[in-house]
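Asks: Handing you a structure now.
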Ligand code: FA5
């Protein structure tokens, strides 16, 4: 075989080896073997001195051309191999975000009472109400006196509570927020529309339907010409939102010192639709909240002229709402922190 043929065979085999190499180390060995100082190309170039003057440039050109081809093929393969390594790595490290987690940390859920309260807040914000919070340690003046319950009034007994001193107490209802917001309100900016959720306290003996600490949501609207029709329409929206679109409501006369007239509000039973069942004690109706038109004395006590303005107010017990809606038989379940009970309401949040 001539030197030229030798060189061409060397090139063909070399290109084949380069294409077959699948690791950088193997490719490097091929490079050293083919193009290194002791390699066949170097040998061929060295042996050119023995060639005739006529042959020398021809073979020299061929040897240089082959050296160039092999060098380029090695460089190209080198880039390919680096990319292959990266691709392999990416493939191995791909994270499947659809896989379920290992559940090492158990996530909790918002307390069912907070879910109900926030849901009602959202509803009223949508109706243009402000959401206002007030102090749990309240002055006698706001909790009772401004609400038309003077010092010797018998209605105080029904809400006996925890006193800090003669003038300070744990609020027995959220109604003191009525006076607090009325005092602050500037009617030149529009009607007063607020709800005020929060904790309240009473020296009640704890049983299945009573807790010494529970929640209320106060509602108050004051403007010119507010009537019972406004109250009824608003409460209908509320109970339908919480208990279902086909609920009807009825007003029963009642008594609160701070409203006149006062009403207890019943809804058609959501379990039987009004036919009568165990939940509604065969009456077809369930009592859900107290309400009424703001008593003129309460308006006056907060500096509002009852000849010009009128208002409605209501007080919702979200604990009772939750008990009715979810069939909870004992109010103490909400406060005993048994996770098995609480996690049943996971995902109820809107
Ligand atoms: C009041 O507290 C009035 N302030 C409500 C009101 C506001 C009437 C504005 C008119 C206008 P009452 O004492 O009925 O009313 O309580 C209201 C609601 O709180 C009840 O319907 C009930 O859902 C809840 N509630 C009362 N006592 C307890 C208790 N010990 N444990 C749990 N919930 C209670």
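Residue numbers (my numbering): 150 to 499.
Quick reminder that beta carbons are idealized off the backbone N, C-alpha and C, glycines included.
1. Ordered along the chain, which non-local residues of its own chain (more than five positions away) have a Cβ less than 6 Å from that of residue 183?
2. Which full runs of the beta strand (DSSP E) of 3+ residues lie inside the region 275-305, going along the chain?
3. Confirm, please, whether the CB-CB distance from residue 212 to residue 179 is below 8 Å.
4. Grab me the residues of residue 329's own chain with a C-beta within less than 7 Å of its C-beta, minus the 5 sequence neighbours each way, in chain order.
5. Is the closest heavy atom of the ligand FA5 to the C-beta of residue 272 under 7 Å?
6. Since residue 441 and residue 369 are thought to touch, with beta carbons under 8 Å apart, how far apart are those beta carbons, to the nearest angstrom?
7. Rounded C-beta distance between residue 396 and residue 415? I'm assuming under 8 Å.
8. Is it a yes or a no for the region 352-371 touching the region 315-333, going by three-plus beta-carbon pairs under 8 Å?
9. Do you know whose CA, among 447, 235, 427, lies nearest residue 476's CA?
10. In whole angstroms, what is the alpha-carbon distance linking residue 153 and residue 226?
11. For residue 468, does the count of other Cβ atoms within 10 angstroms reach 16, so buried, or fall short, so exposed?
12. Leaving aside the five residues before and after residue 490 along the sequence, list all residues of the same chain whose C-beta is less than 6 Å from its C-beta, in chain order.
13. Shorter than 7 Å, the distance from the beta carbon of residue 480 to the closest heavy atom of the ligand FA5, or not?
14. Using CA atoms only, rank isn't needed, just tell me which of 431, 365, 204 is closest to residue 463.
15. Quick one: Cα of residue 197 to Cα of residue 214, how far?
Replies: Looking at the coordinates:
1. Taking the chain shown and counting its residues from 1, the one referred to as residue 183 is at position 34. So the list reads 163, 219, once near-sequence residues are dropped.
2. 286-288
3. Stepping through the chain shown from its first residue, residue 179 is reached at position 30. Stepping through the chain shown from its first residue, residue 212 is reached at position 63. Contact: no.
4. Working through the chain shown from its first residue, we reach residue 329 at position 180. If we look at residue 329 and ignore the five residues flanking it on each side, its Cβ neighbours are 283, 291.
5. Taking the chain shown and counting its residues from 1, the one referred to as residue 272 is at position 123. No - the ligand FA5 has no heavy atom lying nearer than 7 Å to the Cβ of residue 272.
6. Taking the chain shown and counting its residues from 1, one reaches residue 441 at position 292. Taking the chain shown and counting its residues from 1, one reaches residue 369 at position 220. 11 Å between Cβ atoms; not a contact.
7. Position 247 of the chain shown, counted from the first residue, corresponds to residue 396. Position 266 of the chain shown, counted from the first residue, corresponds to residue 415. The pair is not a contact, with the Cβ atoms about 10 Å apart (cut-off 8 Å).
8. yes
9. As a first step, residue 476 must be located in the chain shown, where it is residue number 327. Nearest option by C-alpha distance: 427.
10. Numbered from its first residue, the chain shown carries residue 153 at position 4. Numbered from its first residue, the chain shown carries residue 226 at position 77. Distance between the alpha carbons of residue 153 and residue 226: 26 Å.
11. Position 319 of the chain shown, counted from the start, is the residue given in the question as residue 468. Its Cβ being crowded by 16 or more others within 10 Å, residue 468 is buried.
12. Walking along the chain shown from the start, residue 490 turns up at place 341. Around residue 490: 482.
13. If you number the chain shown from 1, residue 480 lands on position 331. Answer for residue 480: yes, Cβ within range of the ligand FA5.
14. Against the chain shown, residue 463 aligns to sequence position 314. Checking every option, the nearest Cα to that of residue 463 belongs to 365.
15. To locate residue 197, count along the chain shown from 1; it is residue 48. To locate residue 214, count along the chain shown from 1; it is residue 65. Spanning the two alpha carbons is a distance of roughly 15 Å.
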